[in-house]
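Right, one structure below, let's go through it.
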RNA sequence: CGGGGUGUAGCGCAGCCCGGUUAGCGCAUCUGGUUUGGGACCAGAGGGCCGCAGGUUCGAAUCCUGCCACCCCGACCA
């Protein structure tokens with residue numbers, strides 16, 4: 024089986040690329056590093072969006088929209104921020120084209136040079152804080168809890184569908200608060216929202232923690248992240264939440280009068296997840312037969328495939344199938360009845376497996392006769408024949424079961440591939456031979472972190488919130504350390 | 001951005017080294033028929049600016065130059 028997919032064990036990254044293309048999620052476009060997200064892939068993104076949007080609103084946030092373009096001068100107001108993003112910015116310098124004088128197509132009109140160049144947003148802190156300046160005068164104007172769904176551009180050297188593209192879709196929350204504590208609470212709240220989304224909806228266990236100074240967001244005082252382990256033993260940063268302190272308020276001069284009448288700078292956070300989550304879902308669950316979508320994010324949760332020898336049988340099956348379909352819809356289960364006659368059932372079975380549809384029902388003459396239906400689950404590929412009576416309830420439970428099972432599977436995989444390591448040689452050999460998460464001591468210096476990265480390509484993914492205090496010696500320098508941190512090679 | 005590879009029908013590829021009839025194969029597509037419980041079969045048909053732009057030549061998919069895109073390995077990064 025799976026003769027259309029590269030084997031995962033043979034070539035992991037080719038397997039990933041094949042899967043994205045063959046499951047019809049996305050493809051490369053004519054523009055370097057930019058992808059076309061195809062309807063099936065976009066449908067998954069829409070499910071992700073819908074659930075996250077619900078969670079954001081539940082925690083008091085509202086949506087708004089800010090411009091795609093950021094004047095260059097805004098960008099340079101926060102020093103660390105510009106430093107971090109300068110190398111990957113797309114810049115608009117002109118606003119008009121004209122016919123080439125040699126009659127060969129069109130050229131940029133040099134007369135139409137912009138007074139001030141516009142940066143295509145790689146992230147929106149600066150353009151947003153420029154607005155916040157006008158919105159905030161008093162503590163009564165706070166907090167501001169805004170999220171925006173947008174596209175951003177980061178001119179990446181090397182791109183991969185969903186994991187790293189020059190343009191990507193994301194959401195970015197930008198909040199403003201009266202106190203340090205409130206902003207810190209918000210930063211924590213949102214990393215928790217991301218973590219529970221990852222675990223409950225994406226069925227992927229994640230580790231929450233602080234980023235080391237090196238890995239922090241440009242302009243942040245603290246960055247929290249969730250890190251997931253992929254099947255090839257590499258880590259994927261799945262979401263970040265930043266405590267920005269008063270950096271952007273100071274850069275954009277956003278002050279407010281507090282309850283005591285004193286002027287102070289506003290405290291800020293920002294937080295985001297992107298279409299990269301698609302990559303996490305793929306690499307977290309999929310197998311050699313294709314995608315395995317968590318039922319909660321599957322655009323099609325159940326597919327019904329008719330098996331028939333003639334038109335008569337088909338119409339009989341179709342009547343039954345449409346009836347079942349209604350029962351599913353009544354329970355809020357999304358279902359597709361695939362009665363296309365250009366492919367045989369076996370072809371459809373393989374195709375829906377490739378696309379990761381959690382549950383497949385096959386309905387044939389045998390079933391019509393016996394009042395049964397064949398139920399196949401994508402996660403285990405197990406098949407059973409059950410009574411057609413009460414099928415919707417049965418499948419609903421099965422979907423919950425699949426959601427739970429793939430989470431458990433990913434959880435066990437992560438546990439089996441998380442190592443507590445105290446010797447440098449072991450550290451290197453685990454990274455070389457199997458990958459995975461490594462919990463090891465670190466002396467807390469950026470130099471050591473840098474050196475370890477240089478030698479092993481592993482970085483500190485995060486300092487887990489729940490990493491207990493424990494006396495130890497740095498894995499590389501042997502200097503004293505108070506807690507273990509999470510190392511891994513990463514995407 | 002450095003090193004390596006690739007680009008020929010919707011997809012996967014052969015042809016290129018050594019220039020020369022009408023550019024070929026498999027899958028897919030269309031038509032007709034037989035089929036349909038794990039990627040069906042037979043017969044026929046359609047589909048090509050040989051990545052793009054220049055150059056060499058009587059003649060270029062094939063040789064040369066430039067550009068574009070993709071893949072792999074580095075540096076950078078969500």
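In the numbering used here, the protein residues as written are 24 to 514. Note that CB positions come from ideal geometry on N, CA and C, so glycine has one too. For clarity, every value in this text was computed on a predicted model and none was experimentally measured.
Paired residues, beta bridge with residue i - DSSP
i: residue 122; result: 129
i: residue 52; result: None, per the DSSP bridge assignment.
i: residue 174; result: 192
i: residue 290; result: 200
i: residue 508; result: 463
i: residue 486; result: 233
i: residue 107; result: Bridge partners of residue 107: none, in fact.
i: residue 161; result: 280
i: residue 503; result: 496
i: residue 452; result: In the DSSP output, where bridge partners are listed per residue, residue 452 has none listed.
i: residue 250; result: 230 and 260
Option nearest residue i by Cα separation, candidates the options
i: residue 48; options: 233, 219, 316 and 224; result: 316
i: residue 297; options: 93, 201, 68 and 39; result: 68
i: residue 134; options: 122, 446 and 448; result: 122
i: residue 539; options: 28, 440, 382 and 274; result: Only positions 24 to 514 of the chain appear in this structure, which leaves residue 539 out of reach.
i: residue 149; options: 199, 170, 98 and 173; result: 98
i: residue 274; options: 105, 260, 51 and 61; result: 105
i: residue 414; options: 300, 346 and 401; result: 346
i: residue 186; options: 58, 269 and 266; result: 58
i: residue 263; options: 304, 210, 129 and 335; result: 210
i: residue 53; options: 117, 162, 377 and 189; result: 189
i: residue 404; options: 161, 421, 410 and 100; result: 421
i: residue 183; options: 142, 51 and 217; result: 51
i: residue 143; options: 113, 447 and 129; result: 113
i: residue 320; options: 390, 365 and 379; result: 379
i: residue 222; options: 426, 448 and 375; result: 426
i: residue 300; options: 353, 246 and 193; result: 193
i: residue 513; options: 312, 461 and 66; result: 461
i: residue 232; options: 213, 241 and 224; result: 213
i: residue 438; options: 169, 79, 146 and 251; result: 251
Residue i burial status per 10 Å Cβ neighbour count (16 or more: buried)
i: residue 32; result: exposed
i: residue 24; result: With a pLDDT of only 36 at residue 24, under 50, the local geometry of the prediction cannot be trusted, and no value is derived from it.
i: residue 131; result: exposed
i: residue 166; result: buried
i: residue 86; result: exposed
i: residue 41; result: buried
i: residue 226; result: buried
i: residue 318; result: buried
i: residue 116; result: exposed
i: residue 292; result: buried
i: residue 348; result: buried
i: residue 294; result: buried
i: residue 423; result: exposed
Limits of the beta strand (DSSP E) - the one that residue i falls within
i: residue 267; result: 258 to 268
i: residue 386; result: 382 to 386
i: residue 93; result: 92 to 94
i: residue 148; result: First-last for residue 148: 148 to 158, but that is the alpha helix (DSSP H), not the beta strand (DSSP E).
i: residue 408; result: 406 to 410
i: residue 116; result: 114 to 117
Which of helix, strand or coil DSSP assigns to residue i
i: residue 396; result: strand
i: residue 330; result: coil
i: residue 101; result: coil
i: residue 63; result: helix
i: residue 342; result: helix
i: residue 481; result: coil
i: residue 82; result: coil
i: residue 284; result: coil
i: residue 166; result: coil
i: residue 184; result: coil
i: residue 518; result: Outside the shown range of the chain (24 to 514) lies residue 518, about which nothing can therefore be said.
i: residue 299; result: helix
i: residue 37; result: helix
i: residue 443; result: strand
i: residue 517; result: No statement about residue 517 is possible, as the shown extent of the chain runs from 24 to 514 and does not include it.
i: residue 58; result: strand
i: residue 355; result: coil
i: residue 402; result: coil
Terminal residues of the alpha helix (DSSP H) in which residue i lies
i: residue 221; result: 203 to 223
i: residue 426; result: 414 to 439
i: residue 231; result: Element bounds for residue 231: not the alpha helix (DSSP H) but the beta strand (DSSP E), 230 to 233.
i: residue 462; result: From DSSP, residue 462 is part of no alpha helix (DSSP H) but of the beta strand (DSSP E) over 460 to 464.
i: residue 369; result: 368 to 377
Cβ-heavy atom distance, residue i to the ligand ADP, below 7 Å
i: residue 263; result: Looking for the ligand ADP in the displayed structure turns up nothing, as the structure carries no ligands at all.
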